[in-house]
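Colleague: In numbering that gives the first Met the number 0, the protein residues as written are 0 to 171.
Below is the structure I would like to discuss, written out as structure tokens.
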Amino acid sequence: MIGRPSFLFMIKINLRKIKLSDKNYFAKWWRDKELLKLTSGVLKVILDQEVDKYFQVILENKNDYNFMMIADREAIGHISLVKRRNNWHETQIVIGEKKYWGKGFGSKAIRLLIRKAEKIGIFKIYLEVRLTNFRAIRVYEQCGFHKMRIIKHPNSKYLPETLRMELKTEFH
Ligand SMILES: CC(C)(COP(=O)(O)OP(=O)(O)OC[C@H]1O[C@@H](n2cnc3c(N)ncnc32)[C@H](O)[C@@H]1OP(=O)(O)O)[C@@H](O)C(=O)NCCC(=O)NCCS
């Protein structure tokens, strides 16, 4: 592949904790059909009250880790680690600002998240991805996730199956 333009390597990606004033980003991203098709698949327009409610849940949750991805000074996406059973955490990533897709920022953010997780003793990390989301699957593999199995969600009309991928690092 031809390399990425060099200026992209100069853009620094940081993760910072989510805060109340980030709500407007979510209001925009949760209504973006292109994004929704790659994630939940639910295209029904979400009301302002629903945005408030779901965002408040994220903000107040003490078990999970929610970070905004910052490229230089701009918030471009959201990455999370959600506590699950048996010491597992599930990660989810969305670069909401689409002009930043395909520039290497997704893999940088996931690597930063993994480093943060390991520092606080979280090593068992998995994710579930739509089977046709080839770009995401590629990025996850580059970051050390391995394809494990297909998970069926018979009650989910919009996402009836997902691919489970688990992180394998030197700690495993
Ligand atoms: C998925 C996502 C986080 C990836 O981050 P990104 O910054 O766009 O991806 P990167 O630039 O780091 O890497 C993309 C890689 O996928 C490859 N790729 C792109 N399209 C591809 C395709 N259709 N098939 C296979 N590989 C593809 C690229 O070539 C690149 O690999 P390379 O570094 O070897 O060239 C981001 O695109 C995103 O948020 N998308 C929308 C929401 C989403 O899909 N979230 C994931 C839900 S599970």
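Each residue gets a CB set at the ideal place from its N, CA and C atoms; glycine is no exception.
1. Can you check whether the CB of I121 is closer than 8 Å to the CB of L58?
2. Is the separation between the beta-carbon of R15 and that of F66 shorter than 8 Å?
3. Any contact of the segment 89-106 with the segment 40-47, i.e. 3+ C-beta pairs under 8 Å?
4. For the beta strand (DSSP E) that R148 lies in, which residues bound it at each end?
5. Report the partner residues of R163 according to the DSSP bridge assignment.
6. Would the C-beta of R30 count as close to ligand 1, meaning under 7 Å from any of its heavy atoms?
7. I'd like to confirm something about K61: is its beta-carbon nearer than 7 Å to some heavy atom of ligand 1, or not?
8. Quick one: grab the DSSP three-state call for G105.
9. So what does S79 bridge to, in DSSP terms?
Modeller: Result, derived from the coordinates:
1. One-based indexing of the sequence shown puts residue 58 at position 59. One-based indexing of the sequence shown puts residue 121 at position 122. For the 8 Å CB-CB criterion, L58 and I121 do not form a contact.
2. Along the sequence shown, one-based indexing puts residue 15 at 16. Along the sequence shown, one-based indexing puts residue 66 at 67. In this structure, R15 places its C-beta atom within 8 Å of the C-beta atom of F66.
3. In short, these stretches do not touch, since the Cβ pair count stays below three.
4. To locate residue 148, count along the sequence shown from 1; it is residue 149. For R148, the uninterrupted beta strand (DSSP E) segment begins and ends at F144 to K151.
5. Locating residue 163 in the sequence shown gives position 164, where the first residue counts as 1. E127 and R148.
6. For the purposes of this step, residue 30 is taken as residue 31 along the sequence shown, with counting starting at 1. No; taking the cut-off as 7 Å, the Cβ of R30 has no heavy atom of ligand 1 nearer than that.
7. Reading the sequence shown from its first residue, position 62 is the one you call residue 61. It does not: the Cβ of K61 is nowhere closer than 7 Å to a heavy atom of ligand 1.
8. Position 106 of the sequence shown holds residue 105. In the structure shown, G105 falls within a helical segment according to DSSP collapsed to helix, strand and coil.
9. Stepping through the sequence shown from its first residue, residue 79 is reached at position 80. According to DSSP, S79 bridges with N65 and Q91.
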